[in-house]
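Right, one structure below, let's go through it.
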Amino acid sequence: MQRINIKKTNLLDSQIYFAIRNNPKNRRYSLSSNKIKIKDHNEWFEKNYTNKYYYTCYKGKSKIGYVRGDTLGDTIVVSIALGIKNQNRNIGTQCLNLFEKKINNNCIFIAKVKKKNIISVRFFEKNGFNKLNYKKGIITFYKIKNNSANFYLNA
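Residue numbering for the sequence shown follows numbering that gives the first Met the number 0, starting at 0 and increasing by one per position.
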């Protein structure tokens, strides 16, 4: 079995982000299900890929997806996506766990998921996220990362 790893996203990862995001099966359950034009993607990617919490997922040496976190104060909004061949194989959980380990500060993770995206709803529940809100077909999940509390809870 090939090792799962994540690495800081770089400019060369633009194509994997674009391909996964624009795949019709992934778009179906995305918060924004519109097809993205390459020009718009390139502008977005060049502006954002250097953000502190953008990681590309690997299986061995192959790029298979991404997990990224956009920050808003102490909150990190998580987005994770894998290529179709690597979905439903516990790889997303491994990528998310690796991502969470990269975050050294206390924070609140947020994830927004369409209610009808049952697989993603179960994914976040399985990975310790709790439901915070439900509005207009979107479930907002949260997970608190508190390094100090975890130290005492795991003692």
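Cβ coordinates follow ideal geometry from the N, Cα and C atoms, glycine included.
> Who pairs with L71 in a beta bridge, going by DSSP?
Replying inline: Here residue 71 is taken as the residue at index 72 of the sequence shown, counted from 1. The partner list for L71 (beta bridge, DSSP) reads T74.
>> I believe C94 touches I3 by the beta-carbon criterion, under 8 Å. Please report the beta-carbon distance rounded to the nearest angstrom.
In response: Position 95 of the sequence shown holds residue 94. Position 4 of the sequence shown holds residue 3. At roughly 6 Å, the Cβ-Cβ gap stays under 8 Å, so C94 and I3 are in contact.
> Mapping DSSP to helix, strand and coil, what is S29?
Replying inline: In the sequence shown, the residue the question calls residue 29 occupies position 30. S29: coil per DSSP, three-state reduction.
> Which whole-angstrom value describes the C-beta separation of V112 and F98, a residue pair presumed to lie in contact below a C-beta threshold of 8 Å?
Replying inline: Start at 1 with the first residue of the sequence shown, and residue 112 comes out as number 113. Start at 1 with the first residue of the sequence shown, and residue 98 comes out as number 99. With a Cβ gap of about 17 Å, V112 and F98 do not count as contacting.
> S119: buried (16+ other C-beta within 10 angstroms of its C-beta) or exposed?
Replying inline: The residue you call residue 119 lines up with position 120 of the sequence shown. The residue is buried, with at least 16 neighbouring Cβ atoms inside 10 Å.
>> Pull the bridge partners of V66 from the DSSP assignment, please.
In response: By 1-based counting over the sequence shown, the position of residue 66 is 67. Per DSSP, the beta-bridge partners of V66 are Y54, I79.
> Where does the unbroken beta strand (DSSP E) through T139 begin, and where does it stop?
Replying inline: Indexing the sequence shown from 1 puts residue 139 at position 140. Its beta strand (DSSP E) spans residues 137-144.
>> Just to confirm, is the Cβ distance from L81 to G64 under 9 Å?
In response: In the sequence shown, counting from the first residue as 1, residue 81 sits at position 82. In the sequence shown, counting from the first residue as 1, residue 64 sits at position 65. Against a cut-off of 9 Å, the Cβ pair of G64 and L81 comes out as a contact.
> Sorry if obvious, but does the Cβ on F17 come closer than 8 Å to a heavy atom of the ligand ZN?
Replying inline: Within the structure as shown, the ligand ZN is missing, as the structure has no ligands at all.
> What are the start and end residues of the alpha helix (DSSP H) that includes Y133?
Replying inline: Mapped onto the sequence shown, residue 133 falls at position 134. For Y133, no alpha helix (DSSP H) run applies; the uninterrupted beta strand (DSSP E) run containing it begins and ends at 129-134, by DSSP.
>> So, under 8 Å CB-CB, C56 and I5 are touching, yes? Tell me the CB distance rounded to an integer number of Å.
In response: As a position in the sequence shown, residue 56 is number 57, starting the count at 1. As a position in the sequence shown, residue 5 is number 6, starting the count at 1. Correct: roughly 5 Å between the Cβ atoms.
> Measuring CB to CB, does Y52 end up less than 9 Å from L10?
Replying inline: Numbered from its first residue, the sequence shown carries residue 52 at position 53. Numbered from its first residue, the sequence shown carries residue 10 at position 11. In this structure, the beta-carbon distance from Y52 to L10 does not fall below 9 Å.
> Can you check whether the CB of K101 is closer than 9 Å to the CB of K28?
Replying inline: Counting from one through the sequence shown, the residue named residue 28 turns up at place 29. Counting from one through the sequence shown, the residue named residue 101 turns up at place 102. Reading the sequence as shown, one finds Tyr at residue 28 and not Lys. Not in contact: Y28 and K101 (Cβ atoms no closer than 9 Å).
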